[in-house]
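Residue numbers (the working numbering): 1 to 87.
This report concerns only the one structure given below.
This is the structure we're talking about:
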C-alpha cells in the first residue's frame, strides 16, 4: 500500500491548498480547525480515501477522530485494511 500520509497530504495540497507551500500543516494538526477542509471538503476527502485505498467509509465513521488530521486518517485507513484482511 502506498504511504497513506504522503498520498493524503498530496491530495489535500492539490485540492484544498492548491499546491501552495505557504500553508504547511503538521501530521497532527486539525484540518478543520485550520480551515483547510470544511464539511464539503470532508466528503470529497472521503471519496478520495475510498477510491485510493479501497475502503468503505460508513456514516458512523465520519467523525473527527477518524478524519481530522493526517495521523487520524492514516490510523483509520490502516484499521479498515486490517479489518478487511481479518474478515
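Where a beta carbon is used, it is the ideal one built from N, C-alpha and C, also for glycine.
Nearest Cα to residue 42 within the set 70, 3, 6, 78: 70.
One Cα belongs to residue 4, the other to residue 39, and the distance between them is close to 21 Å. Residue 25 sits in coil when the DSSP states are folded into three classes, being neither helix nor strand. Under the three-state reduction of DSSP, residue 46 is assigned to helix. In this structure, DSSP gives residue 78 a helical state, which the three-state scheme calls helix.
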